[in-house]
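Sequential numbering of the sequence shown, starting at 1, is according to the UniProt record's numbering. What follows is a short report on a single structure.
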Amino acid sequence: MSGPDMNSKTEASSGISDNEVRAASPGKQPEEVEEGGTTKKHSRGVSGPQVHPPPKKEYGYQWKWNAEAKDYTQVIGGITIRYREYQRNGGVTPSQTETILSTADPSQAKPEAGEGFTIVDKPKRFFQVGRIFAVVWFEPGGDNPPGRKADLEWTTECPKYHGEKPIAKYRWFVVVRKRLHHSLCFNITTIGPKGPRKADRGRGQDFVVLHNSNVEPSKPFEVEGITRDPIAVIIEAGEESISPWARLDCGRIYTVEDHLRVMKIGRIHTASLPLLETYFKESVS
Numbered sequence: 001m002s003g004p005d006m007n008s009k010t011e012a013s014s015g016i017s018d019n020e021v022r023a024a025s026p027g028k029q030p031e032e033v034e035e036g037g038t039t040k041k042h043s044r045g046v047s048g049p050q051v052h053p054p055p056k057k058e059y060g061y062q063w064k065w066n067a068e069a070k071d072y073t074q075v076i077g078g079i080t081i082r083y084r085e086y087q088r089n090g091g092v093t094p095s096q097t098e099t100i101l102s103t104a105d106p107s108q109a110k111p112e113a114g115e116g117f118t119i120v121d122k123p124k125r126f127f128q129v130g131r132i133f134a135v136v137w138f139e140p141g142g143d144n145p146p147g148r149k150a151d152l153e154w155t156t157e158c159p160k161y162h163g164e165k166p167i168a169k170y171r172w173f174v175v176v177r178k179r180l181h182h183s184l185c186f187n188i189t190t191i192g193p194k195g196p197r198k199a200d201r202g203r204g205q206d207f208v209v210l211h212n213s214n215v216e217p218s219k220p221f222e223v224e225g226i227t228r229d230p231i232a233v234i235i236e237a238g239e240e241s242i243s244p245w246a247r248l249d250c251g252r253i254y255t256v257e258d259h260l261r262v263m264k265i266g267r268i269h270t271a272s273l274p275l276l277e278t279y280f281k282e283s284v285s
C-alpha cells in the first residue's frame, strides 16, 4: 500500500494556521483548535464553531481507479463520474454537459521538499486527538524491500549504511493521544492503483475506511475483510481531498515528535471521534 492520496498539490498557505506556526502573516484572522479538533474562526469580531453536518455512515459506491481519467471513477446513470469532483460537490453528481477536470492519482502527490511544511509553534493546541497532518517520514530501507518506493531521494545527503539507505515517504497521521513532547498516531495508507492484494496487507480488522464527511464512505473490497465502521474526516488544507481507497491502519502506533515539520491536512469529524477512541483502546488492549 502506498502513502495517503493527496489529489492535488498543496499550496504553502494551506498548511498550519497562523497562530500555530512561527511566522505569522499580518492581518490574517487566527483559527483556534478546540478540544476534539473543533475549529473556531474569528472574523471581524464574530466568532463561533464551524458547523459540519453529520457524516453519512452507510457504504456507497465502490470506486475504481481509471488510468485514462487519472482519477477514481464510477458510472452513475450512464455518466462517468470522477471521484474528486463528486467529493468536492458533496456527492451531487454533475450533469453530462459539465466539464470535469481532475489530476488525481492513487499514490500521494509529491510536493517540493519542504513546501507547506513548518514547525508548530503551539503543539499542545495543534496535536489534539483527531488532528490529521502530513510529515516527511524516514524508515530503514532493509534488503530490497518489495513495493517500498521512496517519495524523496536522499542519495547524496544521506550515505548508505551497510548497503542500505533510509526510505523517505510523505505520510499522513492521525493523532490518537497527546503526550508531553510527542503524539501517538495511527497512519493513513492508500491502496495501490492495482487494488488490494491480501498478501501485502495485515489483518482486516486493523483497517478502517476513511471518507470525506460530505460524501458516503466508499465500499471496501471484499478481499480486505474490513469489519470496523468507517470514519469521517474534514479536509482543511485547501484543494486537498482524500482517496476513496484511503484506510486508517489501527494495527500499529507511531510516535511523532512535536519538533518535526508538518503540514495540516484536516481532522476527524466530531461524530467519528468516539470510534477513533474505541479503535485506539482496542489496539493497545
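Backbone N, C-alpha and C fix where the C-beta goes; we use that ideal spot for every residue, glycine too. Predicted model only: the values in this text are computed from it and were never measured.
- Pair every Cβ in the segment 264 to 275 with every Cβ in the segment 224 to 235, then say whether three or more of these pairs are closer than 8 Å. By the Cβ test, the segment 264 to 275 is in contact with the segment 224 to 235, since at least three Cβ pairs between them sit closer than 8 Å.
- Task: Grab me the residues of glutamate 139's own chain with a C-beta within less than 6 Å of its C-beta, minus the 5 sequence neighbours each way, in chain order.
- Result: For glutamate 139, where only same-chain residues beyond five positions count, the Cβ hits under 6 Å are Ile167.
- DSSP puts threonine 80 in a beta bridge; with which residues? Note: threonine 80 sits in a beta bridge opposite Val75.
- In its own chain, which residues sit with a C-beta less than 7 Å from the C-beta of glutamate 257, not counting the 5 before and 5 after it? Correct list, in chain order: His181, His182.
- Query: For glycine 204, does the three-state DSSP call read helix, strand or coil?
  - Reply: In the structure shown, glycine 204 adopts helical secondary structure according to DSSP, grouped into three states.
- Query: On the premise that proline 123 lies in contact with alanine 271, defined as a C-beta separation below 8 Å, what is that separation, rounded to the nearest angstrom?
  - Reply: Actually they do not touch by this definition, with Cβ atoms about 26 Å apart.
- Query: Between leucine 184 and isoleucine 265, is the Cβ-Cβ spacing less than 8 Å?
  - Reply: Taking 8 Å as the Cβ cut-off, leucine 184 and isoleucine 265 do not qualify as a contacting pair.
- Item | Beta carbon of tyrosine 86 nearer than 8 Å to that of serine 218 | Tyrosine 86 is not a Cβ neighbour of serine 218, given a cutoff of 8 Å.
- Could you give the distance in angstroms between the alpha-carbon of serine 241 and the alpha-carbon of leucine 260? Here the alpha carbons of leucine 260 and serine 241 stand approximately 23 Å from one another.
- Item | Closest by C-alpha distance to alanine 69, when choosing among Ile76, Gly77, Tyr83, Tyr59 | Among Ile76, Gly77, Tyr83, Tyr59, the Cα nearest to that of alanine 69 is on Tyr83.
- Complete beta strand (DSSP E) runs within the segment 196 to 266 (minimum length 3 residues, chain order): Taking only runs of at least 3 residues, the beta strand (DSSP E) segments lying wholly in the segment 196 to 266 are 207 to 212, 231 to 235, 246 to 257.
- Message: As a quick exercise: from Met263, Glu282, Pro244, pick the residue whose alpha carbon is nearest that of arginine 91.
- Response: Before going on, a small fix: residue 91 reads as glycine here, not arginine. Of the listed residues, the one whose Cα sits closest to glycine 91 is Pro244.
- Task: Would you identify the three-state DSSP class for serine 183, choosing helix, strand or coil?
- Result: Look at serine 183 here: in three-state DSSP terms it is strand.
- Query: Hey, quick one: how far does the beta strand (DSSP E) through glutamate 139 stretch, first residue to last?
  - Reply: DSSP places glutamate 139 inside the beta strand (DSSP E), whose first and last residues are 131 to 139.
- Message: Please classify lysine 169 as buried or exposed, where buried requires at least 16 neighbouring CB atoms within 10 angstroms.
- Response: Around the beta-carbon of lysine 169, 16 or more other beta-carbon atoms lie within 10 Å, marking it buried.
- Item | Local conformation of serine 8 per DSSP, three classes | With a pLDDT of only 40 at serine 8, under the threshold of 50, the placement of this residue in the model should not be trusted; the figure read from the coordinates follows. DSSP, read as helix, strand or coil, puts serine 8 in coil.
- Contacting residues, own chain, Cβ-Cβ under 6 Å from asparagine 66 (five flanking each side not counted): Shown here for asparagine 66: same chain residues with a beta carbon closer than 6 Å to its own, the five before and five after excluded, namely Thr73 in chain order.
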